[in-house]
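Residues in the sequence shown are numbered consecutively from 69, following our numbering.
Where a beta carbon is used, it is the ideal one built from N, C-alpha and C, also for glycine.
Everything numeric in this text was worked out from a predicted model, so none of it was measured.
Structure record follows, encoded as structure tokens.
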Amino acid sequence: MRFDKLAERQILKAQAEGQFEDLKGAGKPLSPQLPGDAAVAAGFRIMAEAGVLPREMALKKQAAELRARLAGLTDAAERTAVLAELADIEMRRAIEEEARRKYMQQG
Numbered sequence: 069m070r071f072d073k074l075a076e077r078q079i080l081k082a083q084a085e086g087q088f089e090d091l092k093g094a095g096k097p098l099s100p101q102l103p104g105d106a107a108v109a110a111g112f113r114i115m116a117e118a119g120v121l122p123r124e125m126a127l128k129k130q131a132a133e134l135r136a137r138l139a140g141l142t143d144a145a146e147r148t149a150v151l152a153e154l155a156d157i158e159m160r161r162a163i164e165e166e167a168r169r170k171y172m173q174q175g
């Protein structure tokens, strides 16, 4: 039997037995999917549910905050300092992301 037929049969059986009733999040839209590997997305979801923010996500958040701050700056010296800090954070985020990708490829 083909996998898709087997999966469909199992879904129909579970529906008939009421296994899909009263599930957590029923009737709510699915959360947006992270691009990339499903294993990475699952890992991020587990960390988010545990209240843990991966370093690369924390750095991404810091970069967004700096960009918002940068938009309101008019002083050239302040802009230069914030741009340097933003470049440092973006570089660190890229390093974290590359390290995660290399680690995932090893497995």
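Look at the alpha carbon of Ala118 and the alpha carbon of Leu151, and state the distance between them as a whole number of angstroms. The residue labelled residue 118 in the question sits at position 50 within the sequence shown. The residue labelled residue 151 in the question sits at position 83 within the sequence shown. Rounded to the nearest angstrom, the two C-alpha atoms are 33 Å apart.
Is it right to say Arg113 is buried, meaning 16 or more other beta carbons lie within 10 angstroms of its own, or is it exposed? Position 45 of the sequence shown, counted from the first residue, corresponds to residue 113. By the neighbour-count rule (16 or more Cβ atoms within 10 Å), Arg113 is not buried but exposed.
Extent of the continuous alpha helix (DSSP H) to which Leu80 belongs: Walking along the sequence shown from the start, residue 80 turns up at place 12. Taken as a continuous stretch (DSSP letters only), the alpha helix (DSSP H) holding Leu80 covers Phe71 to Ala84.
Quick test of the definition: if touching needs 3 or more C-beta pairs under 8 Å, does the segment 157-168 touch the segment 118-132? yes
Tell me where the alpha helix (DSSP H) around Phe112 begins and ends. As a working note, residue 112 is residue 44 in the sequence shown. Ala106 to Glu117 is the span of the alpha helix (DSSP H), which, as asked, contains Phe112.
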